[in-house]
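2 protein chains.
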Amino acid sequence: MVEPERQRDAVRTRAELLAVATEVFSESGYSGARVDEIAERTRTTKRMIYYYFGGKEGLYLAVLEEAYRGIREAERGLDVGELGPLEAMRRLAETTYDHHVAHQDFIRLVAIENIHRGEHMRRIESLRDLGQPAMSLVDEVLARGRDEGVFRADVEAFDVHLVISAYCVFQVANQYTFGHLFGRDLAAPENAAHLRGLIGDVVVSWLTRR
Amino acid sequence: MVEPERQRDAVRTRAELLAVATEVFSESGYSGARVDEIAERTRTTKRMIYYYFGGKEGLYLAVLEEAYRGIREAERGLDVGELGPLEAMRRLAETTYDHHVAHQDFIRLVAIENIHRGEHMRRIESLRDLGQPAMSLVDEVLARGRDEGVFRADVEAFDVHLVISAYCVFQVANQYTFGHLFGRDLAAPENAAHLRGLIGDVVVSWLTRR
DNA sequence: CGGGCAATGTACCAACCAGTACATTGCCTG
DNA sequence: CAGGCAATGTACTGGTTGGTACATTGCCCG
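Line by line, the protein sequences give chains D and U. Every letter in the first sequence is one number past the one before it in full-length UniProt numbering, and letter 86, counting from 1, is 86. Every letter in the second sequence is one number past the one before it in full-length UniProt numbering, and letter 4, counting from 1, is 4.
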């Protein structure tokens, strides 16, 4: 049964504002984003931004929180339980790569938030220690590999997660400057397979005990 | 002989504007930066920004060009000729780490430029293929290691440079969000030695032939 | 040493932009 | 079905901000 297209729908209005705001903030940064532009791209008006989110900053906070929530959701879908530690770790790294490439808006929001030294993020309670689940997954695979004697024992999960994140975030976040400096396009489809395999290789050969 | 403090000094005025603008743009981003604030932090007035740089964007372009020029200068100081390929590569990675930690303003400018999809950078002729020198250094060490049989032969200099850059840039560029998500401070001095050694370990164990 | 121009300062403007006062309308509940 | 409130629209504002018109001043060169 399709819902009748109501003229008034608080949920839809709020959701639409949030979706458009995510786009605009991610395109232009916090200061660069225009409240009027966000409203214009919506079926509603600027007035509603103030009604639902209090103001530009409140809207940005909601965008940030929602974006992180979405990422956490996506992370939950990952399961490497049936693989051996070596292949599991490779899968982890390469899936993280895919994941980042598929969520460029989110990476851009994170970059923007870092420009502002994380001052907004710090005020969102639900984001505290949000990284834990992702790191637990790494830790699990790492521990399994250590027990089986295939991984070296002197590396922490945090370090592994850091190396993987750094590589995958950089791909997206710095694609324009890095690409220009070296005359290569990190986002070009023909490079994807190689770049994807690269982080797998790096992590596996780093962790493999010899 | 100390120069007399002249009241008028085109060179000094221009340089001061550029230095302050670098700070302000790096602190607040392109849209967030205020022309008036830049002028206020200077011994001169806003008028001079338009006199020397044409406008806000011209000033930003000059900041970007100058920042990249400074980095290229710094890179030239690096010499790993007397070291064996293994130690040279480690030195390369760890020095890059030091270098990025020491030039956070620059990393922030790069992040800002990426938010704007590199549209300003593309218009600066002197930045075309500026990455070449840095990559040549990596290539040299890599080739030496391959010849001596200590490095694997299936990795390109570009890939190595990418992995190192990604890790080092991430440390600085994402310190706020990553630090908050995991309750760790990437910039804390007590973590520096470990984080520095980490990228050395990763690169060396990745490249080492077994 | 004085004319002329580079360099600088002051005061101002018009557009922009986040935010709001006030009116209105549709939907749900009793 | 009607009354009340959540939800929405319109029109406006005051401060901000990039940019400029016009005046002035100090330095260098002939």
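Glycine is no exception: its CB is placed at the ideal position from the N, C-alpha and C atoms.
Under 8 Å, do residue i and residue j count as touching if we go by C-beta distance?
{"i": "residue 80 of chain D", "j": "residue 74 of chain D", "result": "no"}
{"i": "residue 124 of chain U", "j": "residue 65 of chain U", "result": "yes"}
{"i": "residue 166 of chain U", "j": "residue 102 of chain D", "result": "no"}
{"i": "residue 76 of chain U", "j": "residue 130 of chain U", "result": "no"}
{"i": "residue 90 of chain D", "j": "residue 204 of chain D", "result": "yes"}
{"i": "residue 200 of chain U", "j": "residue 82 of chain U", "result": "no"}
{"i": "residue 78 of chain D", "j": "residue 142 of chain D", "result": "no"}
{"i": "residue 208 of chain D", "j": "residue 164 of chain D", "result": "no"}
{"i": "residue 85 of chain D", "j": "residue 150 of chain D", "result": "yes"}
{"i": "residue 127 of chain U", "j": "residue 63 of chain U", "result": "no"}
{"i": "residue 17 of chain U", "j": "residue 45 of chain U", "result": "no"}
{"i": "residue 49 of chain U", "j": "residue 20 of chain U", "result": "no"}
{"i": "residue 146 of chain D", "j": "residue 153 of chain D", "result": "yes"}
{"i": "residue 13 of chain U", "j": "residue 121 of chain D", "result": "no"}
{"i": "residue 214 of chain U", "j": "residue 210 of chain D", "result": "What is shown of chain U runs 1 to 210, which leaves residue 214 of chain U out entirely."}
{"i": "residue 202 of chain U", "j": "residue 202 of chain D", "result": "yes"}
Spatial neighbours of residue i within its chain, please: C-beta separation below 8 Å, excluding the five flanking residues on both sides.
{"i": "residue 105 of chain D", "result": "22, 23, 26 and 67"}
{"i": "residue 135 of chain D", "result": "157, 158 and 161"}
{"i": "residue 98 of chain U", "result": "196"}
{"i": "residue 192 of chain U", "result": "101"}
{"i": "residue 133 of chain U", "result": "72, 75 and 76"}
{"i": "residue 57 of chain D", "result": "120"}
Please return the same chain residues whose Cβ sits closer than 7 Å to the Cβ of residue i, not counting the five positions on each side in sequence.
{"i": "residue 30 of chain D", "result": "60, 112 and 116"}
{"i": "residue 174 of chain D", "result": "none"}
{"i": "residue 107 of chain U", "result": "100, 169, 172 and 173"}
{"i": "residue 206 of chain D", "result": "none"}
{"i": "residue 8 of chain D", "result": "none"}
{"i": "residue 148 of chain D", "result": "85"}
Residue i by DSSP, collapsed to three states: which one?
{"i": "residue 107 of chain D", "result": "helix"}
{"i": "residue 1 of chain U", "result": "Low per-residue confidence applies at residue 1 of chain U: pLDDT is 42, beneath 50, and the placement is therefore not dependable, though the value from the model is reported in the following sentence. Reduced to three states, the DSSP call for residue 1 of chain U is coil."}
{"i": "residue 132 of chain U", "result": "helix"}
{"i": "residue 117 of chain D", "result": "coil"}
{"i": "residue 8 of chain U", "result": "coil"}
{"i": "residue 124 of chain U", "result": "coil"}
{"i": "residue 19 of chain D", "result": "helix"}
{"i": "residue 13 of chain D", "result": "helix"}
For residue i, which residues in the same chain have their Cβ closer than 6 Å to its Cβ, ignoring the five residues on either side in sequence?
{"i": "residue 1 of chain D", "result": "Because the pLDDT of residue 1 of chain D is 40, which lies under 50, any placement of that residue in the model is unreliable, and the number read from its coordinates should be weighed accordingly. Contacts found: none."}
{"i": "residue 179 of chain D", "result": "185 and 186"}
{"i": "residue 139 of chain D", "result": "157"}
{"i": "residue 3 of chain U", "result": "Below a pLDDT of 50, predicted positions are generally treated as unreliable, and residue 3 of chain U, at 48, falls in that range; no measurement from the model is reported."}
{"i": "residue 52 of chain U", "result": "14"}
Of the residues that make up the segment 129-151 of chain D, which ones have a beta carbon closer than 9 Å to any beta carbon in chain U?
Those would be 129, 130, 131, 132, 134 and 135, in chain order.
Just list the alpha helix (DSSP H) runs in the segment 134-210 of chain D, keeping only unbroken ones of 4 residues or longer that don't cross its boundaries, in chain order.
157-173, 175-182 and 189-207
What residue ranges within the segment 22-47 of chain D form continuous alpha helix (DSSP H) runs of no fewer than 4 residues, ordered along the chain?
35-40
Interface residues of the segment 179-197 of chain D facing chain U [CB-CB below 9 Å]
179, 180, 181, 182, 183, 184, 186, 194 and 195
Relative to chain U, which residues along the segment 79-102 of chain D have a C-beta separation below 8 Å, given in chain order?
none
Residues of the segment 102-115 of chain D with a CB closer than 9 Å to any CB of chain U: list them in chain order, please.
108, 110, 111, 112, 113, 114 and 115
Which residues, in order along the UniProt domain "HTH tetR-type" (11-71) of chain U, keep a beta-carbon less than 8 Å from a beta-carbon of chain D?
Here the close residues are 28, 29, 30, 31 and 32.
Just list the alpha helix (DSSP H) runs in the segment 52-93 of chain D, keeping only unbroken ones of 4 residues or longer that don't cross its boundaries, in chain order.
Complete alpha helix (DSSP H) runs here, min 4: 56-76.
Got a sec: which bits of the segment 156-167 of chain D sit with their beta carbon under 9 Å from any beta carbon on chain U, in order along the chain?
158, 159, 161, 162, 163, 165, 166 and 167
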